[in-house]
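Chains as they are written, first to last, in the working numbering: chain A, 779 to 1099; chain B, 967 to 1315; chain C, 2 to 154.
Using N, Cα and C, we set each Cβ at its ideal position, and we do this for glycine too.
Shown next, in the form of structure tokens:
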């Protein structure tokens, strides 16, 4: 791990030395155990702040839309796919970027660890290759790393960045790897449920939502200068936590991300209430694959599915009397 | 210690005490929903979860709900008819409240019960009893000590339960709290119990992370420095990673901004009050489209100024209680304590 | 709810001006009978339909939504219905996934000369929605408010 951090710092150093007014966007140590966080570095002296570990969960691509100047950005697999989509949507140009790609072995879900701490606060953490040793207020516990990854990491199809100027690190063969052609097996049980039960599940989830918009703001693809929730003429969706309004907010946000969502999980990570947001996005990812044979963020040439069409697209869903 | 203010409650009798509360009042308390510990309305004693850190949401929800019906209306030919919501008859008990959250209510009392009284808040507040529970194991993100609070502080609580083993030492913070001691479940406290409680308090305070906030701490010096540094580039530096969501404000025990909306269908509807956040772009956007706080830099600065400069000046109370929720739940770990520390060390340019 | 107290579905039909609306008009002038439960909203093109229109309809308690446009290849604006087709396919799947009953939200192609076909589409959509019953999912309930449009004078 320390070799990898060293390589990241060297790559960033070369970048900063190569010109003036340059910014490195990477990760630094957070202020609490199990937390790393985004950092913005412009001076060589600050490069020592850069870290790389199992807590570098944020999708840094979200900081790029409409950013000026030359930027080096540290990306995992999912982040790099978001980069591809952002470049296609003209939110950032390819030549502004030096992409430091790091092969990812999954990020640790802090909430899952905390749930299994028997109420003890987490004081310190030691991250090994396969296990995490967590020191609580009274005792130490060992956690099997791969069991405590984020749900979206467990179904990740592209842990190695698909676009990069430098590629560092390696995907550990011990970490179970989902096939690159997403099988969407995580949706099977849920889809088999009766419509009423699915609605009941979404009701329970959306009743937790406090409309803080952390999901939207953390999402790299949500960069609209005015979001539809803030429109008042007409008002598309009410602002209160009314279930119908909240449901429509999540439905429409997911719909606006159709064909653009790369499944990075930034939304779920940001949500303070543990809402199962990705349930909607996963379904749309599957439909976009089944209907339009498209997976977001793989290819700079492929057009976003809702920005194009084929004359032989399927009509099977339509009324045919 | 005046024996009037302090009693003992055997843990085995806690349920009896709770039964009394449930009999007479609506009870709010910490309860588990999925993976989350939330402060919510409790229907049954078994749903109360104690000893598991602090709830995700603060207790302000009970007195200042996120969505509140102000009144219903109907437009007719003769004018508009208004129907106020019926007042809740029963009293309310907020049980298992941490000292930081109880202290937060003192600030809300100033905001909603000060010069301009908010009838919705006042109505609930007049009928509520706060039964707190002390923190033996403060979280790494907690910093209540710097804000005049503490893991065993009674500020804002009518009663505070301190876990001393097989019993709770129960301190009354108000006459309303003392009135509870009429219940037969309480015993007299002896010196040994008092000593145990002191030890719990000492141990808890010593375990708290003071380094994060820096030595200067929070007070008048910080207020003056904040005023001096209003235009300092430090704000751009510390807020660069801020996403501009509303998590910090919504989970905060003292944040209290709200919006009022009418939701109408044809000629009937309701006027509701909902939480708003100074971190949202629309918060200060003017009708012309101009926004004096155009980015998260200005909005985050506003939050800090409001909490640590304007509120202390106007209300003589800090606008923060050090609960640490904004620190643990910020998606990018923007730590308010680190910002305060940086500000206190920054020389004005 | 009509005077006799029996539920009759209320379906909103977004019809594109150049094809489906004209087709509906032809059904009318040809005196072809079809169920009277639809409320027509004329739009320039099926591509004009924002998913919000459909969601707002459901939120306001409408029992069904129909969007009808020109046949692929015949769009007055050349490709509006192609874009719409992709949006609708995804939206329909998403709504049904969330629990909105299958058949509440429907899409069709009806051309200007297809008066008979239009009536058949309405017949099929209306009879299906009759079996589903009044809409409950996604309906926004404002206390003291009334979404029952038929009760309004």
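- Nearest to residue 1030 of chain B by alpha-carbon distance, out of B:1268, B:1107 and B:1075, is B:1075.
- If you draw a straight line from the Cα of residue 895 of chain A to the Cα of residue 914 of chain A, it is about 8 Å long.
- In the DSSP assignment, residue 17 of chain C falls within the beta strand (DSSP E) that extends over 12-17.
- The stretch 94-113 of chain C and the stretch 60-69 of chain C touch, with three or more beta-carbon pairs separated by less than 8 Å.
- It is roughly 8 Å from the alpha-carbon of residue 1259 of chain B to the alpha-carbon of residue 1247 of chain B.
- A check of alpha carbon separations from residue 1020 of chain B across B:1219, B:1309 and B:1283 identifies B:1219 as the nearest.
- Taking CB atoms only, residue 996 of chain B has no neighbour in chain A less than 8 Å away.
- Burial is judged here by how many other beta carbons sit within 10 angstroms of a residue's own beta carbon; residue 1026 of chain A has at least 16 and is buried.
- With respect to the 8 Å criterion, residue 1024 of chain B and residue 1188 of chain B are not classified as neighbours on the basis of their beta carbons.
- Annotation for residue 1036 of chain B: 1237 and 1239 place their beta carbon closer than 6 Å to its own, counting only its chain and skipping 5 residues before and after.
- The stretch 1106-1121 of chain B makes contact with the stretch 1286-1304 of chain B, as at least three CB pairs between them are under 8 Å.
- When DSSP reads this structure, residue 979 of chain A sits in no beta bridge, so it has no partner.
- Within 8 Å of the CB of residue 144 of chain C, the CB atoms of chain B belong to 1035, 1038 and 1236, in sequence order along the chain.
- With a cutoff of 8 Å on beta-carbon distance, residue 1082 of chain A and residue 844 of chain A are scored as not near each other.
- Looking at the backbone, the Cα of residue 1211 of chain B and that of residue 101 of chain C are separated by about 30 Å.
- A distance of 8 Å or more separates the beta carbons of residue 828 of chain A and residue 903 of chain A.
- No Cβ-Cβ contact shorter than 8 Å links residue 1099 of chain B with residue 1124 of chain B.
- Listed in chain order, the non-local C-beta contacts of residue 890 of chain A below 7 Å within the same chain comprise 926, local neighbours out to five positions each way being set aside.
- Residue 1007 of chain A has a beta carbon lying at 8 Å or more from every beta carbon in chain C.
- Under the Cβ distance rule, residue 1002 of chain A does not count among the residues neighbouring chain B, no pair being separated by less than 8 Å.
- Around the C-beta of residue 816 of chain A, 16 or more other C-beta atoms lie within 10 Å, and the residue is accordingly described as buried.
- Going by DSSP, residue 1166 of chain B is part of the alpha helix (DSSP H) stretching over 1157-1172.
- By DSSP's assignment, residue 1047 of chain B forms a beta bridge with B:1040.
- For residue 1047 of chain A, the secondary structure class from DSSP, reduced to helix, strand or coil, is helix.
- Under the three-state reduction of DSSP, residue 107 of chain C is assigned to strand.
- By the neighbour-count criterion, in which a residue is buried when 16 or more other Cβ atoms sit within 10 angstroms of its Cβ, residue 1071 of chain A is exposed.
- When C-beta distances to chain B are compared with 8 Å, the residues of the stretch 1019-1042 of chain A below that value are 1019 and 1020, in chain order.
- CA-to-CA, the gap between residue 1263 of chain B and residue 1203 of chain B works out to about 9 Å.
- Taking 8 Å as the cut-off, the beta carbon of residue 949 of chain A is found closer than this to the beta carbon of residue 938 of chain A.
- If only uninterrupted beta strand (DSSP E) runs of at least 3 residues are considered, those enclosed by the stretch 1110-1134 of chain B are 1125-1129.
- For residue 1201 of chain B, the enclosing alpha helix (DSSP H) covers residues 1200-1204.
- Residue 962 of chain A and residue 885 of chain A have their C-alpha atoms spaced approximately 20 Å apart.
- When the Cα atoms are used, residue 854 of chain A and residue 1043 of chain A turn out to be separated by approximately 12 Å.
- The stretch 885-928 of chain A contains, as complete beta strand (DSSP E) runs of 3+ residues, the segments 900-905, 909-914 and 918-922 (chain order).
- Counting only the Cα atoms, residue 28 of chain C lies some 8 Å from residue 115 of chain C.
- Taking a beta-carbon distance threshold of 8 Å, residue 962 of chain A does not count as an interface residue toward chain C.
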